[in-house]
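Written out below as structure tokens is the structure these notes cover.
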Amino acid sequence: MSRIAMGIYDDLDNQTQPLLYIDPAANNVIVFGGHQSGKTTFLKTMLVRLHENLDPDRERDIYILDFGGNLGSYRDLPLVSACFDNSNAENIRRVFRSIDDKLEQNKKLLASRRFLDVYERDGGERPAHIMLVIDNLNAFLSDDQFASYHEMLLKLCREGLSKGLTLVFTANDFSGGVSRMLGSFDRRFALEGTADKYMDIFGMRVGEPMSCPGRCVTITGGKPRETQIFLPFRNEERDLPMLRDALADVEVKTDRLTAFDGDLTLENYSRFVSNTVDEDIDPRWPVAGLDYYDHKPVAINMRDVHSIAIYGKKKFGKTNLLRLLVRDIRTSYPAYTFVFFDDGRQQLSDIYKEAPGRGVYLTSMEELKNFLDENGYAAKLERGMINKNFVERPHAGTVFVMQSKMLFQATGAQLLKNVFPKMIAAAEEKNYWFIFSDVRKIANNDRDTESSLNNSIAAAFLLDNIAEFVADRGSRSVFGEMDPKELKNEYARCELGDGYYFDIESDELRKIKIIKV
1 MSRIAMGIYD
11 DLDNQTQPLL
21 YIDPAANNVI
31 VFGGHQSGKT
41 TFLKTMLVRL
51 HENLDPDRER
61 DIYILDFGGN
71 LGSYRDLPLV
81 SACFDNSNAE
91 NIRRVFRSID
101 DKLEQNKKLL
111 ASRRFLDVYE
121 RDGGERPAHI
131 MLVIDNLNAF
141 LSDDQFASYH
151 EMLLKLCREG
161 LSKGLTLVFT
171 ANDFSGGVSR
181 MLGSFDRRFA
191 LEGTADKYMD
201 IFGMRVGEPM
211 SCPGRCVTIT
221 GGKPRETQIF
231 LPFRNEERDL
241 PMLRDALADV
251 EVKTDRLTAF
261 DGDLTLENYS
271 RFVSNTVDED
281 IDPRWPVAGL
291 DYYDHKPVAI
301 NMRDVHSIAI
311 YGKKKFGKTN
321 LLRLLVRDIR
331 TSYPAYTFVF
341 FDDGRQQLSD
351 IYKEAPGRGV
361 YLTSMEELKN
371 FLDENGYAAK
381 LERGMINKNF
391 VERPHAGTVF
401 VMQSKMLFQA
411 TGAQLLKNVF
421 PKMIAAAEEK
431 NYWFIFSDVR
441 KIANNDRDTE
451 SSLNNSIAAA
461 FLLDNIAEFV
471 ADRGSRSVFG
481 EMDPKELKNE
491 YARCELGDGY
501 YFDIESDELR
511 KIKIIKV
């Protein structure tokens, strides 16, 4: 059995004070109490006992939602897969997604068998024991940005134990829907400050315990027992680091979620990137950042993707992303030529100047058309007539960076509707790559041009809040078929400089932390 000793209780019938045990793999636990009554201390004691009884041969993943703000110092214990507060909604979503994935793995492994029967046995493949700890459940339930998880939490309360998930919650009272979950918790503790709630908590009359931090009432052996919960340490500041050091060399089967803190840069990239290697990624492909959920690299497949679009708000990081991609391509493909098409804003001049000898810088529509014609890319169209003297030429590789707003006005329709789609269709053979680095709304609602552009794009970045973008100005972009309501439920708001990568061919949308250069 995996029982842990949490305190002592008063057995008045036998005039003794036996140890109070709980089995974290068999029981959901909820702890009620007033302010500073010892709820967080209860959680700390549980975490310490779990590590003192650590079994390296059995996987245990503990996810902590620290809505009380007092468990951060325990995040580095080896069984703790994640310890996040409410400062970043995306991290909370990562926790629920990870739990859901692990439960699916357990479900397949259990094959209708009882979790404890498989987990407790010696030898053989065992499912993971998962724990979700929420300190201050009331705060979680009252936060509107997590409303979409209320029903999921109820489902986990009903079904979690059978698949290997234990829930451990603390709460001040029954507000916010706590009472709806109570029936799933067979181990309930009432600390000081809950005397008027005893009937609701235990379904029976219970005497109030003495006034003392950590003193509580719980049901043991079918009777209410006054109980004293152990402290996690005599001296937390001294003993917690000692426990971490003692466990530093213990190999445990725990998957950890690392949280981004601030910008992702080339210098700290290795600190956050997943250890899981994706063998399908060519090391030459440009990496835009890391997936928000699994921290795997988001790389542009330059073998299959020959046209990229970048959408986003002004000053939201589009230029940073473009600079990152151009630098990577320049480094990995030194023979490629770059064609920058800018306008009077001169927004690409700094990127061009980083390697001016490897490309051209064009600022007018006439310059661009002449360049394409004279260098054998595409014939120039004048007065409705195609240049009959045009000669197509081979190239080692050309990257077209298209940022001029003139493209999206009436003067650019012919390029977007006829010229570029044909070049992109032959891009794999001709070694062409297109980056439309600041996609805008097509002038005059030109649906034909808009459709041609959208159909030509193989992958797209969005540096904006996706639900709002799709519902408004992005409704006719490559993201336009997505459901804004589903997107709002699925993704938290973007931090400045971050965004989404949409692989249109595979219909895969990934939220990414973009590298800042």
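Residues in the sequence shown are numbered consecutively from 1, following our numbering. Beta carbons are placed, not taken as given, at the ideal position from N, Cα and C, and that holds for glycine. Model, not experiment: these values are computed from the prediction.
Taking contact to mean 3 or more Cβ pairs, one atom from each stretch, closer than 8 Å, check whether the region 486-500 and the region 329-347 are in contact. They do not touch, by the three-pair rule.
If we call anything under 7 Å between Cβ atoms a contact, is Pro298 one with Ile442? According to the sequence displayed, residue 298 carries Val and not Pro. Not a contact, by the Cβ cut-off of 7 Å.
Compute the beta-carbon to beta-carbon distance between Pro241 and Lys44, rounded to the nearest angstrom, for a pair I have assumed lies under 8 Å. In this structure Pro241 does not touch Lys44 by the C-beta definition: roughly 14 Å separates them, more than the 8 Å allowed.
If contacts are defined as beta-carbon pairs under 8 Å, then Thr275 and Leu161 qualify, I think. What distance do you get, rounded to the angstrom? First, the amino acid is wrong: residue 275 is Asn here, not Thr. With a Cβ gap of about 31 Å, Asn275 and Leu161 do not count as contacting.
Within the region 309-343, ranges of the beta strand (DSSP E) (whole runs, at least 3 residues): With a minimum length of 3 residues, the continuous beta strand (DSSP E) runs that stay inside the region 309-343 are 337-341.
Assuming Arg94 and Tyr293 are in contact, meaning their beta carbons sit under 8 Å apart, how far apart are those beta carbons, in whole angstroms? About 5 Å; that satisfies the 8 Å criterion.
For Pro24, count neighbouring C-beta atoms within 10 Å of its own C-beta (all shown protein chains included) and say buried if the count is 16 or more, exposed if not. Around the beta carbon of Pro24, 16 or more other beta carbons sit within 10 angstroms, so the residue counts as buried.
Exposed or buried, what is Ser404 when buried is set at 16 or more other beta-carbons lying within 10 Å of its beta-carbon? Ser404 comes out buried.
Is Pro484 helix, strand or coil when you go by DSSP? Here Pro484 sits in helix by DSSP.
Cα-Cα separation between Glu31 and Phe272, rounded to whole angstroms: Checking the sequence, you will find Val at residue 31 rather than Glu. Val31 and Phe272 have their C-alpha atoms some 34 Å from each other.
Cα-Cα separation between Asn389 and Pro283, rounded to whole angstroms: Going by the C-alpha atoms only, they are around 41 Å apart.
Less than 7 Å between CB atoms is the rule here; does Thr166 satisfy it with respect to chain D? You won't find chain D in this structure, because it holds only one protein chain.
Beta-carbon contacts of Asn444 that lie in its chain and below 8 Å, excluding the five residues immediately before and after: Answer for Asn444: Ala410, listed in chain order.
7 Å Cβ cutoff met for Gly397 and Asn431: The Cβ atoms of Gly397 and Asn431 lie closer than 7 Å to each other.
Write down the C-beta distance between Lys79 and Val206 rounded to the nearest angstrom, noting that I regard them as a contact closer than 8 Å. Reading off the sequence, residue 79 comes out as Leu, not Lys. Wrong, their Cβ atoms sit about 33 Å apart, outside the cutoff.
Short of 7 Å in beta carbon distance, which residues of its chain neighbour Asn428, apart from the five on each side in sequence? Order them along the chain. A small fix is needed here, since residue 428 is Glu in this sequence, not Asn. So the qualifying residues of the chain are His306.
Under 7 Å between the Cβ atoms of Ile351 and Val326? Yes, these two residues count as a Cβ contact at 7 Å.
Who are the near neighbours of Met1 in its chain, counting only those whose CB is closer than 8 Å to its CB and skipping five residues on each side? Note that Met1 scores 49 on pLDDT, short of 50, meaning its location in the model is unreliable and no value can be drawn from it.
Nearest-angstrom Cα distance between Glu382 and Ala426? Their Cα atoms are separated by approximately 23 Å.
Could you give the distance in angstroms between the alpha-carbon of Gly474 and the alpha-carbon of Leu290? Gly474 and Leu290 have their C-alpha atoms some 24 Å from each other.
On the criterion of 16 or more Cβ atoms from any shown chain inside 10 Å, does Ser437 qualify as buried, or is it exposed? Ser437 sits buried, since 16 or more C-beta atoms from the chains shown fall within 10 Å of its C-beta.
Cα separation between Arg114 and Leu247? Distance between Arg114 and Leu247, taken at the CA atoms: about 31 Å.
Which residues in the same chain as Ile329 place their Cβ atom closer than 7 Å to its Cβ, once the five residues preceding and following it in sequence are excluded? Beyond the five residues adjoining it in sequence on each side, Ile329 comes within less than 7 Å, by CB distance, of Pro286, Tyr336 and Val399 in the same chain, given in chain order.
On the CB-based measure, 16 or more other CB atoms within 10 Å of its CB, does Ser148 come out buried or exposed? The residue in question, Ser148, is exposed, as its Cβ has fewer than 16 Cβ neighbours within 10 Å.
Nearest by alpha-carbon distance to Asn88: which of Gln145, Asp117 and Arg225 is it? The residue with the shortest Cα to Cα distance from Asn88 is Gln145.
My output table needs one value for Cys216: the three-state DSSP class, helix, strand or coil. Assigned with DSSP and collapsed to three states, Cys216 falls in strand.
Going by DSSP in three states, Tyr21 sits in which element: helix, strand or coil? Looking at Tyr21 - three-state DSSP - the assignment turns out to be strand.
Please list the terminal residues of the continuous beta strand (DSSP E) segment that includes Phe479. Note, Phe479: premise wrong, no beta strand (DSSP E); not H, not E.
Span of the beta strand (DSSP E) holding Thr41? Taken as a continuous stretch (DSSP letters only), Thr41 belongs to no beta strand (DSSP E), being part of the alpha helix (DSSP H) at Lys39 to Glu52.
I need the boundaries of the beta strand (DSSP E) containing Arg510, first residue and last residue. Per DSSP, Arg510 belongs to the beta strand (DSSP E) from Glu508 to Lys516.
Could you pull out every residue in the same chain whose Cβ sits closer than 7 Å to the Cβ of Asp10, ignoring the five residues on either side in sequence? Sequence-distant partners of Asp10 (beyond 5 residues in either direction) whose C-beta falls short of 7 Å from its own C-beta, in its chain, are Gln17, Arg225 and Glu226.
Buried or exposed (CB count within 10 angstroms, at least 16 for buried), Thr265: Answer is exposed; the Cβ neighbour count stays below 16.
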